[in-house]
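Here is the structure we will look at.
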Amino acid sequence: MSAKPQFPEEHAESGDFERQEDAFRSWVEDDREALHPVEEGRYHLYISLACPWAHRTLIVRNLMGLQAAVGTTTVDPVRDERGWAFRDGPGHSPDPVNGFRFLSEAYRATDADFDGRVTVPVLWDRQKRVIVNNAEDDICRMFDGVFARFAKSPVPFFPAAIEEEQSAWSRFIYENINNGVYRAGFATTQEAYEKAVRNLFDALDRVETRLAERRYLFGPQIVEADWRLFCTLVRFDAVYHGHFKCNLRRIIDYPNLQGYLRDLYQQPGIAETVDFDHIKRHYYITHGDINPTGIVPIGPELDLGRPHDRDNR
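According to the numbering used here, the residues represented by the sequence shown are 18 to 330, in order.
Structure representation (structure tokens):
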């Protein structure tokens, strides 16, 4: 038995969810003659507070202190068949840069023949009026790199000393955890679902073991891979555990992961980037094939804000 796929073009016959590739991969460069030269105020970030991929770009931007250099606009968390929309509401707004009603307009302005799924985040060139990049990994690298000259509080997200190890862990986290929850939630056969869920929890078990010996993934310093993991963990008990049926365990059932999650959530400026209203309304209302009633749960009650004792591993 096979269920109706969430995104038909991104599903294999086996029932596995196969995420589309990011369509726009240009870079902002330190070259005045480049297609997209680095300039303060020239670029704008379109995001959703519900989306873990977009969330990570917002965290890196904010922790770097790039608010004055790169503006942001947040879309409505409720997405219908027309895609991400710019509407006035709690925590989201109309588009002040281009007056777009839908993010798809930015995609068509960049490539009139684009026929893929419209996703966030989007880094927009206000001068050329095109998308520079819609890959969160690239955008985080650019914020940490070429945009660092504008940073009010530069943070080394990609230390050279751990470059190879961090790259390996980032791939592992993406394949098994970040995208793993989606492979479980969007699976259309029992076999595909069970495979994704077991891979996911094997990966969470491995991270739990690693965090028994260190405060963060690479010791005392928070790096980009930590925020990559955080953006999935913070949504897990509220959404992925129930909505995506990733229900072998919750994050609160993992002592080290739960402490790690609370530690990161309590870092200055992070709680304000987490909007559980946007997160829950997006998943439970937007995914009508998974949750046909559209009812948004009022729970769970999450305790992430009070001080939590974790020794300096």
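Glycine included, each C-beta is placed from N, C-alpha and C at the ideal position.
Q. Is there at least one Cβ from chain C nearer than 8 Å to S187's Cβ?
A. The question asks about chain C, but that chain is absent: this structure has only one protein chain.
Q: For P54, collect the residues of the same chain with a Cβ closer than 8 Å to its Cβ; drop the 5 residues on either side in sequence, then sort them by chain order.
A: Only residues of its own chain outside the window of five on either side were considered, and among them V45, E46, D47, D48 have a CB closer than 8 Å to the CB of P54, listed in chain order.
Q: Using the DSSP secondary-structure output, state which residues sit across from G236 in a beta bridge.
A: Y233
(Q) Does the structure place the region 143 to 157 close enough to the region 121 to 131 that three or more beta carbon pairs sit under 8 Å? (A) yes
Q: Let me know the secondary structure DSSP gives W244 once reduced to three states.
A: helix
Q | Check whether G108 and H295 have beta carbons under 8 Å apart | A | yes
**Q.** Cβ neighbour criterion (16 or more within 10 Å) applied to R232
**A.** By the 16-neighbour rule on beta-carbons within 10 angstroms, R232 is buried.
**Q.** Between the CA atoms of F34 and Y199 - distance to the nearest angstrom
**A.** 8 Å
Q) In the structure shown, what three-state DSSP assignment does G88 receive? A) The DSSP-derived three-state label of G88 is strand.
Q: Throw me the rounded Cβ distance for the M81 and S170 pair, which I believe falls under 8 Å.
A: 6 Å
Q: Following the continuous beta strand (DSSP E) through D222, name the residue where it begins and the one where it ends.
A: Unbroken run through D222 is the alpha helix (DSSP H), 207 to 228; no beta strand (DSSP E).
Q. Is the CB-CB distance between A229 and K297 below 8 Å?
A. In this structure, the beta-carbon distance from A229 to K297 does not fall below 8 Å.
Q: Answer yes or no: do P94 and A67 have a C-beta to C-beta separation smaller than 8 Å?
A: In this structure, A67 lies closer than 8 Å to P94 by Cβ.
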